[in-house]
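Protein chains: 2
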Amino acid sequence: MNGEQKDSRDRYSLRGRVFESIREDILNGRYEQNTELKEATIGAELGVSRTPVREALRQLELEGLVTIIPNRGAHVNRITAKDVEDIYVIRSMLEGLCARWATEHITQEQLDNMEETLCLSEYHTGKKNYEKLYELDSQFHEQLYEAGGSRILNHVLSDFHDYVKRARKASISAEDRSVRSTEEHRAIFEAIRERDADQAETLAREHVKHTIENIEAHGLEKLM
Amino acid sequence: MNGEQKDSRDRYSLRGRVFESIREDILNGRYEQNTELKEATIGAELGVSRTPVREALRQLELEGLVTIIPNRGAHVNRITAKDVEDIYVIRSMLEGLCARWATEHITQEQLDNMEETLCLSEYHTGKKNYEKLYELDSQFHEQLYEAGGSRILNHVLSDFHDYVKRARKASISAEDRSVRSTEEHRAIFEAIRERDADQAETLAREHVKHTIENIEAHGLEKLM
DNA sequence: TTTTGTATCATCGTATACAATTCAAATCAG
DNA sequence: CTGATTTGAATTGTATACGATGATACAAAA
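Residue numbers (numbering that gives the first Met the number 0), protein chains in the order written: chain A, 0 to 223; chain B, 0 to 223.
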């Protein structure tokens with residue numbers, strides 16, 4: 000069901016699979032806050048030894064999704080409602096910046112790919128196929144991050160994008176929002192294609208702001 | 000010589016020490032780009048087995064400081080001049096946001112701690128003690144990040160702050176810049192204390208912008 | 001000469017073994 | 001009964017063993 004995957008991540012090694020598995024479980028809210036993650040237990044559940052589990056936990060610690068107390072163990076650090084709010088404020092600024100940079104750097108091929116995503120989005124918006132729409136929304140933003148041409152900015156934005164996936168999923172599944180969201184994507188794309196950096200930046204900022212407003216209107220607290 | 004250390008990082012375990020060691024070496028530019036990092040070699044150099052080295056390399060991979068090709072090995076990913084430029088643009092926005100949030104959240108105790116740092120900075124600016132000044136500069140910014148009250152924002156800003164440490168060190172070691180920088184810190188602090196969020200945001204943004212301008216004036220390329 | 005096959009070797013990926021640490025329950029002194 | 005101490009089970013931290021993977025060199029074939 001889930002094709003999304005950062006290129007840098009190793010989905011084939013056991014460690015990579017364990018990492019993705021625990022990460023998804025945390026980001027999808029399948030653990031209570033502070034749930035203890037025991038190496039042996041997780042290893043047994045996933046049918047691997049402690050070694051790859053340890054490595055995965057160490058990576059998650061660096062991301063802040065897990066807290067490790069030496070000699071005591073690892074605990075889940077959920078993304079809180081406040082985290083989501085903070086991320087949206089930060090993303091609003093940074094996606095604006097990214098759209099600006101994309102205006103300066105984007106290639107014709109990247110433009111074509113974005114437009115293809117956009118067309119599919121418009122099609123599935125009509126069909127109210129929210130599952131697919133979420134995927135396309137992710138894809139549009141990832142293409143934007145790529146087009147920004149900054150590995151640093153891409154890195155933080157991609158992480159944030161993952162962290163708020165639950166909120167984004169909820170948001171996109173409301174009909175009025177999905178329509179507006181797709182329209183806003185189109186507008187951002189047009190501004191980039193027209194090389195209007197100011198407009199692209201403004202639209203991208205507003206788009207992110209509208210998204211969080213929609214999420215909060217539907218109740219962020221009860222989501223997280 | 001180096002007291003700085005994120006609380007979350009484990010400096011006592013072998014893995015923690017290996018992680019910090021390699022990370023410092025990369026951030027201080029002691030490796031060529033794409034240097035191959037062999038688990039056994041590093042382990043031998045630091046007198047530990049491959050296990051903690053592997054865990055450290057996996058963490059560095061997540062940060063983007065190392066690229067791991069499955070079954071082939073780990074390679075150094077240096078921070079490039081472009082990365083530094085990008086980081087300063089991003090930091091300019093985010094430190095502004097952080098100063099704004101700090102204005103809303105800061106406690107009296109945090110204000111007192113910042114002022115103490117500031118006094119020491121002013122003292123050592125006069126003494127031209129650049130080593131100490133760099134440390135105090137780091138401390139001021141970390142206190143600001145803490146005062147912002149957002150673990151998410153703190154996390155990204157702290158990482159970025161580490162990533163540009165070489166540039167920051169070079170910048171602070173120029174007399175005119177060190178004086179100006181300390182003055183700007185003082186101004187940001189006053190704005191926060193006076194609860195003037197707009198002013199704090201503007202000053203923080205400008206401070207970061209001035210820093211990168213100074214660095215570029217002295218030649219960023221040859222630094223990295 | 002170029003290509004292809006194969007042996008060898010360095011290195012990684014994972015499992016396992018063992019040491020160190022923590023926490024709590026049991027024991028003991030007062 | 002209280003509080004300190006000991007003991008032991010559970011868990012993590014580190015080292016090592018072993019199989020798997022991919023690189024390299026060189027020989028055989030085209």
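Ideal Cβ positions, reconstructed from N, Cα and C, are used throughout, including at glycine. In this text, all values refer to a predicted model and were calculated from it rather than measured experimentally.
- Chain A places no beta carbon closer than 9 angstroms to that of Y30(B), leaving this residue out of the contacts.
- Following the DSSP letters along the chain, one finds V88(A) inside the alpha helix (DSSP H) bounded by residues A80 to H104.
- Counting only residues of its own chain and dropping the five nearest sequence neighbours on each side, V178(A) has a CB closer than 8 angstroms to the CB of T124.
- Here DSSP, grouped into helix, strand and coil, assigns V65(B) to strand.
- CA-to-CA, the gap between G42(A) and R57(A) works out to about 14 angstroms.
- A Cβ-Cβ contact shorter than 9 angstroms links A98(A) with A196(A).
- Under DSSP, the beta-bridge partners assigned to L36(B) are A73(B).
- Here Y162(B) is buried, its C-beta having at least 16 other C-beta atoms within 10 Å.
- Going by DSSP, M113(A) is part of the alpha helix (DSSP H) stretching over Q107 to K126.
- Think of a sphere of 7 angstroms around the beta carbon of H154(A): the chain B residues whose beta carbon falls inside it are G63, in chain order.
- Judged by their CB atoms, G95(B) and A203(B) are nearer to each other than the 9 angstroms cut-off.
- CA-CA distance, H217(B) to E205(B), rounds to 18 angstroms.
- With the criterion set as a beta carbon lying under 8 angstroms from some beta carbon of chain B, the members of the segment 85 to 99 of chain A are D85, I86, V88, I89, M92, L93 and L96, in sequence order.
- Distance from the CA of I211(A) to the CA of I21(A), rounded to the nearest whole angstrom, comes to 26 angstroms.
- With respect to the 9 angstroms criterion, A186(A) and A101(A) are not classified as neighbours on the basis of their beta carbons.
- S170(A) sits in a helix when the DSSP states are folded into three classes.
- For the segment 140 to 153 of chain B, the set of residues with a beta-carbon nearer than 8 angstroms to any beta-carbon of chain A comprises S149, R150, I151 and L152, in chain order.
- I191(B) is positioned such that its CB atom lies closer than 9 angstroms to that of I105(B).
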